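Student:
In the working numbering, the protein residues as written are 470 to 1456.
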């Protein structure tokens, strides 16, 4: 590190280096220095890339292996987008956010990034791995040990530097790699001495130490430091308050061990003689248990300090004064990081200056991780009886805020504790374990249903906090809350209450609906990852679901997997759907456990699941297929839409299958989203004589539920394999023209079919009309015209069919029509008026025959055009130069029934004086609920003089009824006037 010209050199040949040291020895400082130095060295090197992650137990989002991998990948991909592998892009299309929520997916992404960039070296630094939660940490360490222990699979271009405390659990994985204790470096003592010089010089300026005292203090600090920066830092902080005359004596009495220093400090602030011990205990408890650092105002509200003080500045200053009494074990730090907004930055209507102030805000943290260790071991009785009970108290305080403050104050004001409470109360309840119990004052939150819990969930959903999301359109049952956030004591609460006759909503299955995902509590418990919660739910008697089984194996929840096999094997054996899911994810050993059950039989469901088993399909098939007696061709036909490529190849080889005559398998394989392309490649490779018919191509083209990218990819494989001997027929081209693709369609499916069509293949009127009528015409019609325009004539019927689907781009169609002297009439004008924006409508209007009239049909079409487009087009049509028909009753009825008040305003402005009312018309409109809207108010308001004449022709009863209804209408819309639109937009 001291030689910038040679900053990559190392005597170690290991790709993993582990540096370990005791608390306070400067590991994080060293990591920061290494990161800064390597960043400078690497910045100009196009073949070397650095990413790093700093674990920190102060922040929940920095204590998991998933966060580590996400952080490393984000830095690499964000700084160098060219490093993003094709694997990530392909799988993101399928999995979306789930790709980044699962450790196995993330590790695969990490390995694929290295594989796709094998000419580069990736340097990854992970600091404070000991502060990562143990189960999550083991996942990462297992993979590092497994991949980098010298196997042939080791990627040669990944290099890890890991810093941590020398925990045995970490040593078990990393001791085989190059590793060093920081105390073994000869530079350490020199760096300690430099740090002592720096700190004493600062003290000397504050306390005006004489030179001789400075030297004595430096020697004493050096003698007692025992290679620990933190000890020096604490000692110098304490010396700040000691007069110089007593400084040396104080230092000589100061214990050498960190724990002894902490004991001395906490005796003074928490002891019986400490005047503010109760407030200090509150502050320490909330700061130590917070899952991310609290702001000053959040901490004040959590502790319920100065609740009658409305001035924020005053409250925060009072808290600063209290923190002063905490004797240096708490720091106030300034941060600028969006991570601290808990994903809730859109909850406030605060102005930019407020948001900016929030981003750069002061947070309250413990001086060091060792303070937290000490508090929850040596001082646990003074701190609420330990860490779990402290988390329970924090959860209760959060629930107080949600129940009492959310309905009253909403989410106004960013700095308050309510935002934290909404985001984190479930995590505190989970960390509290059995210490968390439902309190009477919170009972309303734990009902089923519960309006206050629904509102809490809706607020979390608005921000998609930390990836745990459920649609706010549906309540989340309490049992699912317990499952998803892993709160075992909440399951016990529900169980006790249920036994007393209290009803709770229990979802027994998994259901996916548009805009909503409703899962069984067991499935949510797998996602939550808490085995204790899962076991309690099993004892609660909930039935297993297919998704619960598949999720347990997909997320590698080992303890949950064992619980399922030990307690629910009989259930899996007895239900075909569960057996299919088990065969889809089990390995051969797990499958044998299932098969050992006396009631087990190999069913079609078992075989179907095994064929779709990505990781262990071959070993499971080898175990069961010989005993099944199944016809392999029938099995393949029934399962190829779900099968893996390896499973298909296994059946072909195991039974020496001849599939040359089974062309329908190609169409079925195309329905396999995950493996369809590779299966089709396999079938062509093994059976080159397989015949592809029009029916096969049409079946693939019509797979409208699949992405255009998937379908066009399949077609490309088929066309490339068949070569020029395969001819596209008019039937296939017509099918491609009619095929409706998903919303993101760019015409690729039609394009690839058209490209493989012979020049001799005629483009028929039916094909052109089908393209025009297709919602994707905006993408496919330009392709057709650009390649075969000489054969195409755009008639007015084709133009009218295309107008709704062309996204207001009609110029190519109109040019073609003009070349063929096609007359554009009121029919096309009406189609454009109904579907276009102003610019699109003008394209058609300008191309229309000079003698075309603006008929009632055209005006009705414009009135049917929603939003501002219809208003703008109606404004154009009713211009005096447009020769439009008079406003008829049918048009007025249409506008009133749709309450199209802006259209009515335009009609009144342009032609209002020429509208004729009658007694029958106004009585019909005023008595019809469907026409009693703003539009009618505008019409009656504009025609008030004529209306008065009509009223004079009514009987007294008719007048009274009409006036009463009119007055109610005018009162209802008293602030609205027909002229408002012109005031807003300008005439």
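We treat Cβ as the ideally placed atom computed from N, Cα and C, and that holds for glycine.
None of these values were measured; they are calculated from a predicted model.
If you count every other CB in all the chains shown that lies within 10 Å of the CB of residue 1275, and 16 or more means buried, which is it?
Tutor: Flag for residue 1275 reads buried.
Student: Give the straight-line distance between the Cα atoms of residue 1231 and residue 1205, rounded to the nearest whole angstrom.
Tutor: Using only the alpha carbons, I get a separation of about 15 Å.
Student: Starting from residue 487, trace the beta strand (DSSP E) in both directions and tell me its first and last residue.
Tutor: First-last of the beta strand (DSSP E) with residue 487: 485-489.
Student: What would DSSP say about residue 800, mapped onto helix, strand or coil?
Tutor: Three-state result, residue 800: strand.
Student: Please report the distance separating the alpha-carbon of residue 767 from that of residue 890.
Tutor: If you take the alpha carbons of residue 767 and residue 890, they lie about 10 Å apart.
Student: As a quick exercise: from 524, 538, 549, pick the residue whose alpha carbon is nearest that of residue 513.
Tutor: Comparing Cα-Cα distances from residue 513 to each of 524, 538, 549, the minimum goes to 549.
Student: What three-state label does DSSP hand residue 991 in the structure shown?
Tutor: Correct three-state label for residue 991: helix.
Student: When you compare the region 1314-1328 with the region 1297-1304, are there three or more beta-carbon pairs, one atom per stretch, that lie closer than 8 Å?
Tutor: As far as the Cβ criterion goes, the region 1314-1328 touches the region 1297-1304, which means the pair count is three or higher.
Student: So the alpha helix (DSSP H) residue 417 belongs to, where does it begin and stop?
Tutor: Outside the displayed range of the chain (470 to 1456) lies residue 417, so it cannot be described from this structure.
Student: Ignoring anything shorter than 4 residues or poking outside the region 1227-1299, list the alpha helix (DSSP H) runs there in chain order.
Tutor: Runs found: 1234-1242, 1246-1257, 1265-1271, 1280-1288.
Student: Just the Cα atoms here: how many angstroms apart are residue 1039 and residue 988?
Tutor: Computed Cα separation, rounded: 22 Å.
Student: Should the region 667-681 be regarded as contacting the region 515-529, the criterion being three or more beta carbon pairs within less than 8 Å?
Tutor: These segments do not touch.
Student: If you pair each beta-carbon of the region 1401-1413 with each one of the region 1354-1366, do three or more pairs fall below 8 Å?
Tutor: Output reads yes: the region 1354-1366 touches the region 1401-1413.
Student: Assuming residue 747 and residue 738 form a contact by the criterion Cβ under 8 Å, report the distance between their Cβ atoms to the nearest whole angstrom.
Tutor: Rounded, the Cβ-Cβ distance is 11 Å, inconsistent with contact.
Student: My assumption, with CB atoms under 8 Å, is that residue 599 sits in contact with residue 633. Please give the rounded CB distance.
Tutor: Residue 599 to residue 633, Cβ: 4 Å. Contact.
Student: Please look up how many angstroms separate the CB atoms of residue 628 and residue 593, rounded, as I've assumed it's under 8 Å.
Tutor: That pair is a contact at about 7 Å.
Student: Three or more beta-carbon pairs under 8 Å between the region 914-925 and the region 790-803, yes or no?
Tutor: Judged by Cβ distances under 8 Å, the region 914-925 makes no contact with the region 790-803, as fewer than three pairs qualify.
Student: Tell me the rounded alpha-carbon separation between residue 1303 and residue 1288.
Tutor: Roughly 26 Å separates the two Cα atoms.
Student: Indicate whether the contact test is met: 3 or more Cβ pairs, each with one atom in the region 1068-1084 and one in the region 1041-1058, closer than 8 Å.
Tutor: Contact between the region 1068-1084 and the region 1041-1058 is present, because at least three Cβ pairs lie under 8 Å.
Student: Just tell me which of 1424, 1225, 1262 has its CA closest to the CA of residue 1237.
Tutor: For residue 1237, the nearest C-alpha among the options comes from 1262.
Student: Could you check where the alpha helix (DSSP H) with residue 705 kicks off and where it finishes?
Tutor: Counting along the chain, the alpha helix (DSSP H) containing residue 705 begins and ends at 698-708.
Student: With DSSP run on the structure shown, which of helix, strand or coil describes residue 1458?
Tutor: Beyond the ends of the chain as shown, which are 470 and 1456, falls residue 1458; an answer cannot be given.
Student: Measuring CA to CA, which of 845, 868, 867 is closest to residue 1498?
Tutor: Residue 1498 lies beyond the residue range present for the chain, which begins at 470 and ends at 1456; the question has no answer from this structure.
Student: Applying the 10 Å Cβ sphere with the 16-neighbour rule, what's the burial state of residue 1026?
Tutor: Buried: at least 16 other Cβ atoms inside 10 Å.
Student: Could you compute how far the alpha carbon of residue 1060 sits from the alpha carbon of residue 1096?
Tutor: Their Cα atoms are separated by approximately 14 Å.
Student: Mind checking who residue 592 pairs with in its DSSP beta bridge?
Tutor: Beta-bridge pairing links residue 592 to 519, 628.
Student: Express the C-alpha separation of residue 1357 and residue 1384 in angstroms, rounding to a whole number.
Tutor: Each residue's alpha carbon lies about 8 Å from the other.
Student: How long is the line joining the alpha carbons of residue 526 and residue 838, rounded to whole angstroms?
Tutor: Computed Cα separation, rounded: 8 Å.
Student: Please list the terminal residues of the continuous beta strand (DSSP E) segment that includes residue 649.
Tutor: 647-650 is the extent of the beta strand (DSSP E) around residue 649.
Student: Give every residue of the same chain whose Cβ lies closer than 6 Å to the Cβ of residue 758, excluding the five residues on either side of it in the sequence, and list them in chain order.
Tutor: If we look at residue 758 and ignore the five residues flanking it on each side, its Cβ neighbours are 859, 860, 863.
Student: Is the region 989-1000 touching the region 951-962, taking contact as three or more C-beta pairs under 8 Å?
Tutor: Flag = yes, the region 989-1000 and the region 951-962 touch.
Student: If we require 4 or more residues per run, which alpha helix (DSSP H) segments fall completely within the region 1335-1364?
Tutor: Counting only runs of 4 or more, we get 1336-1346.
Student: Which term fits residue 821, buried or exposed, when burial requires 16 or more other beta carbons within 10 angstroms of its beta carbon?
Tutor: Low confidence applies here, because residue 821 scores a pLDDT of 36, under 50, leaving its location unreliable; read the following figure in that light. When all chains shown are included, residue 821 counts as exposed.
Student: Residue 788 to residue 735, Cα distance in whole Å?
Tutor: Distance between the alpha carbons of residue 788 and residue 735 is about 19 Å.
Student: Taking residue 798 as the reference, which of 776, 1145, 752, 1352 has the closest Cα?
Tutor: It is 752.
Student: Do the region 1238-1254 and the region 1218-1230 make contact, defined as three or more Cβ pairs closer than 8 Å?
Tutor: Taking 8 Å as the limit for Cβ pairs, the verdict is that the region 1218-1230 does touch the region 1238-1254.
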